Amino acid sequence: MEFSITTPAILFPAISLLLLAYTNRFMALASLIRNLKNQYLESQNPNLIGQISNLRKRIYLIRNMQACGIASFFLCVISMLLLFNDNQLIAKYTFGFSLVLLLISLYLSLREIQISIEALKIDLSDLESSTKFDDKKEDENLASRKVTPDEHAKAEILNNGLG
727 MEFSITTPAI LFPAISLLLL AYTNRFMALA SLIRNLKNQY LESQNPNLIG QISNLRKRIY
787 LIRNMQACGI ASFFLCVISM LLLFNDNQLI AKYTFGFSLV LLLISLYLSL REIQISIEAL
847 KIDLSDLESS TKFDDKKEDE NLASRKVTPD EHAKAEILNN GLG
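The working numbering applies: residue 727 is where the sequence shown begins, and numbers increase by one.
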């Protein structure tokens, strides 16, 4: 395989976009953490501590994703400089290590997404259980309510497809 100065340059747009995406994730989590902190200070809800702990893991992963991405970018530039100075073998190894760091960064990104999905599943299950509780209360309210003859007639029309 021919290894020229353009080979490491191919990764520049990809790494730049990854770093931008990682920064956006970091900013979104930072905002969420600030909001949860304020909620905790107001309500002292112990469930928020678990969420903040989960976010701490995700922030740690994003920090490492960014570090690996930046190191990968840095080594791509070093590889290009080495190629420019006719150090072909060292440039290949440097570029190879850059690719390994990029793979690590992508793996960490996948892991962060998995943690995020688990947190969302917990939130959804909490929401579903509270919705089911609200639906039960609504059913109980409807069952205890007296139905007027007029409402009964309207229901019959709707059930029989006449309305």
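By construction, the Cβ of each residue, glycine as well, lies at the ideal position given by its N, Cα and C atoms. No experiment lies behind these values; they were computed from the predicted model shown.
Does DSSP put Phe729 in a helix, a strand or coil?
DSSP places Phe729 in coil when its eight states are reduced to three.
For Ile843, is the classification buried or exposed, using 16 other Cβ atoms within 10 angstroms of its Cβ as the cut-off for buried?
Answer is exposed; the Cβ neighbour count stays below 16.
For Glu728, tell me which candidate among Thr857, Leu809, Thr749, Phe823 has the shortest Cα-Cα distance.
Among Thr857, Leu809, Thr749, Phe823, the Cα nearest to that of Glu728 is on Leu809.
Since Asn771 is in the alpha helix (DSSP H), which residue starts that stretch and which ends it?
Where Asn771 is concerned, there is no enclosing alpha helix (DSSP H), given that its DSSP letter is neither H nor E.
Are Ser831 and Met806 closer than 9 Å when you measure CB to CB?
Going by C-beta atoms, Ser831 is not nearer than 9 Å to Met806.
Give me, in chain order, the residues of the same chain whose beta-carbon lies closer than 8 Å to that of Ile816; leave out the 5 immediate sequence neighbours on both sides.
Taken in chain order, the residues that qualify are Leu808.
Quick one: is Leu828 buried, meaning 16 or more other Cβ sit within 10 Å of its Cβ, or exposed?
Leu828 comes out buried.
Once DSSP output is grouped into helix, strand and coil, what is the label at Ile816?
Ile816 falls in the helix class under three-state DSSP.
Shortest alpha-carbon distance to Leu746 belongs to which of Gly822, Ser851, Arg789?
Of the listed residues, the one whose Cα sits closest to Leu746 is Arg789.
Kindly give me the distance between the Cβ atoms of Phe799 and Ile741, rounded to whole angstroms, as I take these residues to be in contact under 8 Å.
Yes, Phe799 and Ile741 are in contact; Cβ-Cβ is about 5 Å, under 8 Å.
Suppose contacts are defined by Cβ-Cβ distances below 9 Å. Is Tyr833 in contact with Gly795 by that definition?
No.
Closer than 8 Å: is that where the CB of Gln770 sits relative to any heavy atom of the ligand GDP?
Annotation note on the ligand GDP: not contained in the displayed structure, which lists no ligands.
Going by DSSP in three states, Asn811 sits in which element: helix, strand or coil?
Reduced to three states, the DSSP call for Asn811 is coil.
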